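> With this note's numbering, letter number 184 in the sequence shown gets 374, and the count goes up by one each step, no holes.
Note that the Cβ used here is the ideal one computed from N, Cα and C, for glycine as well.
Treat the numbers as computed from the prediction; the structure is a model and nothing was measured.
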Amino acid sequence: MRWFVRPGLRVLMYHKVSPAAEDEHTVNVARLERQLRWLRAEKFRFATLENVLRGALPERPVLVTFDDAYADAFEFARPVLRALGVPAAVFVPTAFIGQSSSWDRDPRPLMDASQLRALAADGFELALHSHRHENYAGLTAAQVTTDVREGFSTMQRLGLTIVPALGYPYGGRPRDPVARAAMQAALRAGGVRLAFRVGNRVNGLPLADPLEIQRLSVRGDESFGAFQRKVAWGKLL
Numbered sequence: 191m192r193w194f195v196r197p198g199l200r201v202l203m204y205h206k207v208s209p210a211a212e213d214e215h216t217v218n219v220a221r222l223e224r225q226l227r228w229l230r231a232e233k234f235r236f237a238t239l240e241n242v243l244r245g246a247l248p249e250r251p252v253l254v255t256f257d258d259a260y261a262d263a264f265e266f267a268r269p270v271l272r273a274l275g276v277p278a279a280v281f282v283p284t285a286f287i288g289q290s291s292s293w294d295r296d297p298r299p300l301m302d303a304s305q306l307r308a309l310a311a312d313g314f315e316l317a318l319h320s321h322r323h324e325n326y327a328g329l330t331a332a333q334v335t336t337d338v339r340e341g342f343s344t345m346q347r348l349g350l351t352i353v354p355a356l357g358y359p360y361g362g363r364p365r366d367p368v369a370r371a372a373m374q375a376a377l378r379a380g381g382v383r384l385a386f387r388v389g390n391r392v393n394g395l396p397l398a399d400p401l402e403i404q405r406l407s408v409r410g411d412e413s414f415g416a417f418q419r420k421v422a423w424g425k426l427l
């Protein structure tokens, strides 16, 4: 029996992937595969960033995203996604390509340029996770524009095609409406057309604000039932 679900666009937010161990920001391979197979069985249709840009979304759309470009996502998630024919977008903190996640308590290796090229060759989409992985809630509009432009120029220098989309590091944006409007103007000036926060809500269609798209955080410390409910209805009470 299919779940009754709230209409709209679901955007799943993953981070790390491992063979077995799990925590808040890490799912294991078996969990990832089970989740993707369930989505397909429930007749969700996997969408892309380009679908969102064009406003050409399939019925019951779901977009799969990975933040930070962890090398373990390349090693463990990529084979699962390829085997199931599921597209995904990777949000890349461009100043850290080939380095490690210095913002983590336990820094982890990040994808290098050759791995990102391999993803692109497989049909995965690449987008920005800022340049320096700074929280945009604490930056001026001018700093945001500079950060975004540095991100695009880094990807261009490396010969990597990028979708004009951004995942906010830490989901951070200014709370003050005036400051947020200034940040959004800075993003547009830098070339960003879509931006993704957290929020854990299903996005109504058409999108109310393409720079405020909410994502559903996929956690390794939640039950499969919690994942199903979050996907079906959005934020859990």
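Put F414 into one of helix, strand or coil per three-state DSSP.
Three-state result, F414: helix.
> Using CA coordinates, which residue listed in A416, L202, W293, F281 is at the minimum distance from V252?
Out of A416, L202, W293, F281, L202 has the C-alpha closest to the C-alpha of V252.
> Taking the continuous beta strand (DSSP E) assigned at D258, which residues delimit it?
No beta strand (DSSP E) contains D258, which DSSP labels as neither H nor E.
> Are V388 and S413 close, meaning C-beta to C-beta below 8 Å?
Cβ atoms of V388 and S413: not closer than 8 Å.
> What are the start and end residues of the alpha helix (DSSP H) that includes T344?
T344 -> alpha helix (DSSP H) spans 331-347.
> Are the Cβ atoms of D258 and H319 separated by less than 8 Å?
Yes.
> Rounded C-beta distance between A263 and V207? I'm assuming under 8 Å.
Going by Cβ atoms, the distance from A263 to V207 rounds to 5 Å, so yes, they are a contact pair.
> Note down the Cα distance separating G362 from G288, rounded to an integer number of angstroms.
Cα-Cα distance, rounded: 24 Å.
> Rounded to the nearest angstrom, what separates R185 and P364 at their Cα positions?
Nothing about residue 185 can be read from this structure; the chain reaches only from 191 to 427.
> Would you mind reading off the limits of the alpha helix (DSSP H) that contains S291?
Neither: S291 is in no alpha helix (DSSP H) and is coded neither H nor E.
> Count the other CB atoms within 10 Å of the CB of G415; is the residue buried (16 or more) or exposed (fewer)?
The residue in question, G415, is exposed, as its Cβ has fewer than 16 Cβ neighbours within 10 Å.
> From A311 to P269, what does the alpha carbon distance come to, in whole angstroms?
Approximately 14 Å between the Cα atoms of the pair.
> Rounded to whole angstroms, what is the Cα-Cα separation between M345 and R221?
Distance between the alpha carbons of M345 and R221 is about 31 Å.
> With distances taken between CB atoms, is the gap from L226 to V280 smaller than 8 Å?
Contact flag unset, no.
> Mapping the DSSP letters down to three states, classify P359 as helix, strand or coil.
Three-state result, P359: helix.
> Give the straight-line distance between the Cα atoms of R428 and Q374, rounded to the nearest whole angstrom.
Outside the modelled stretch of the chain, which goes from 191 to 427, sits residue 428, for which no answer is possible.
> Between the C-alpha atoms of A267 and F256, what's the straight-line distance to the nearest angstrom?
Approximately 10 Å between the Cα atoms of the pair.
> Taking the alpha helix (DSSP H) that E315 belongs to, which residues open and close that run?
Segment 315-318 is the beta strand (DSSP E) holding E315; no alpha helix (DSSP H) there.
> Helix, strand or coil, according to DSSP, for R200 in the structure here?
Three-state result, R200: strand.
> Which residue comes first and which comes last in the alpha helix (DSSP H) that contains V382?
Run containing V382: none; DSSP gives neither H nor E here.
> Considering only heavy atoms of the ligand ADP, does any lie closer than 7 Å to the CB of V276?
Looking at this structure, you won't find the ligand ADP or any other ligand, since it has none at all.
> Alpha carbons only, please: which of Y260, F236, D302, A303 is nearest the one belonging to D294?
When each option's Cα is compared against that of D294, the closest is Y260.
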